[in-house]
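For reference, the structure discussed in these notes is given below.
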Amino acid sequence: MNTLLCTLSRESGVSAIAFHPTRHMAVSSSYGGDFKIWVSNHEIQRKDRMLQKTGWICHAVGSYKKKPMTAATFSADGSVLAVAAETVITLWDPEKNVLVAVIGESLEPIVSLSFVGKSDYLVSTSQGSNPQVSVWSTSNLSVTWSYKLHAEGLVLFFSS
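Plus 1244 on top of the position in the sequence shown (first one is 1) and you've got my numbering.
Here it is as structure tokens:
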């Protein structure tokens, strides 16, 4: 990302950065209570030769009940943006920056999110005195499976 870090998050630290799978779009989430959707800005300037300057501009800003936004991810096709608002998962239309749904609530703050391939399932990890790994159904808006487990990281890999 070619931008000033002070514009990523004014008040608090950046909790996550995720990139759109098919477009020049990204999201940054903040412990300060908002997330920003960024789009690539391509400018072509002419002076004796053609130069291409690439940067990122803020497309939209979102928040949910002033809660810290602790994790973010895009679905495999990019049509859904999932952002953790501390202990709940918010689902957004990234093009329109419209809240589509809110999924359940975990016992502790969610620290990572990842969609499971091209499915409608979303995996979250939370940390604290009751850490857990959970699988959520975005079609049913409910938890499918959850297990008390401390996880340091989350990586999902699928081969075709």
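Just so it is clear, CB atoms sit at the ideal spot from N, CA and C, and this is done for glycine as well.
- If you ignore the 5 residues before and after H1303, its C-beta comes within less than 7 Å of the C-beta of I1281, W1282, V1283, all in its own chain and listed in chain order.
- For the 8 Å CB-CB criterion, P1375 and L1357 do not form a contact.
- If you check the CB distance, A1328 and I1301 do not come in under 8 Å.
- When only Cα atoms are considered, F1279 and P1312 end up about 9 Å apart.
- When the Cα atoms are used, N1341 and V1271 turn out to be separated by approximately 11 Å.
- If you draw a straight line from the Cα of T1331 to the Cα of G1348, it is about 8 Å long.
- Annotation: the continuous beta strand (DSSP E) that includes Q1376 extends over 1376-1381.
- Looking at the DSSP output, D1337 shares a beta bridge with V1342.
- For S1350, no beta strand (DSSP E) segment is defined, and its DSSP state is neither H nor E.
- DSSP places K1309 in no beta strand (DSSP E); its state is neither H nor E.
- Within a 10 Å sphere around the beta-carbon of P1265 sit fewer than 16 other beta-carbons, which makes this residue exposed.
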